[in-house]
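S.K.: Numbers given in the numbering used here equal positions in the sequence shown, counted from 1, plus 6. My structure is below; once you've seen it, I'll send some questions.
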Amino acid sequence: FKNAAQMLYQRELVENAAWSNPGSIAMEDSELEPEMAVTLYDLLLVFRDALKRAEQRPLIQVDRDEFSVEQMMAFLFEKIVAAPAGVALSEILPEIASRRALITAFLALLELTRLHAIYLKQNSAFGEITARANPSYELSKSFSPA
């Protein structure tokens, strides 16, 4: 039992050293606090609707565009920064044509939120989700778009 406990303790030390949190970025604007927290479920609903709209569009796509999550993060962050008052996800997502690109956009939004680069706000349950950039965040600190 002592050996098993020691092995579990060593495993915990290795896991703690391997996975780190980038830490939170100080917020300068108290107005950025969300009025209602956006849950993962709310984000999934928005993307489900976007995927349904994408399926309804006629497909005439011949070549496949390859892009990374980092490239999509840069694209979305650029769109969100361009609207200082915030931008509704329903305004950004229709610009993304393919199902694969929408999935990449979903992952990019999750990562931007985790890095505190953007804040997501929802004024009412099942209402519009608005994305707003954190003014004290520098995109270049997190990654370099490919």
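Note that the Cβ used here is the ideal one computed from N, Cα and C, for glycine as well.
Can you say whether LYS127 is buried or exposed, counting buried as having 16 or more other CB atoms within 10 angstroms of its CB?
M.R.: Buried, by the Cβ-count rule.
S.K.: For the alpha helix (DSSP H) that contains LEU46, what are its first and last residues?
M.R.: Looking at the DSSP string, the run of the alpha helix (DSSP H) that includes LEU46 is 46 to 62.
S.K.: Could you check where the beta strand (DSSP E) with LEU126 kicks off and where it finishes?
M.R.: LEU126 -> beta strand (DSSP E) spans 124 to 128.
S.K.: Going by DSSP, name the residue or residues bridged to VAL93.
M.R.: Bridge partners of VAL93: ALA137.
S.K.: Just to confirm, is the Cβ distance from GLU113 to LEU99 under 8 angstroms?
M.R.: Looking at the sequence itself, residue 113 is Leu, so the reference to Glu does not match. Contact: no.
S.K.: Answer with buried or exposed for GLU144, where buried requires no fewer than 16 other C-beta atoms within 10 angstroms of its C-beta.
M.R.: Exposed, because fewer than 16 other Cβ atoms sit within 10 Å of the Cβ of GLU144.
S.K.: Pull up the distance between the alpha-carbon of ALA56 and that of THR119, whole angstroms please.
M.R.: Cα-Cα distance, rounded: 19 angstroms.
S.K.: Quick check on the DSSP output: the alpha helix (DSSP H) that includes LEU121 runs from which residue to which?
M.R.: LEU121 -> no alpha helix (DSSP H), and no H or E assigned at all.
S.K.: Would you kindly report the start and end of the unbroken alpha helix (DSSP H) that includes ALA131?
M.R.: ALA131 -> no alpha helix (DSSP H), and no H or E assigned at all.
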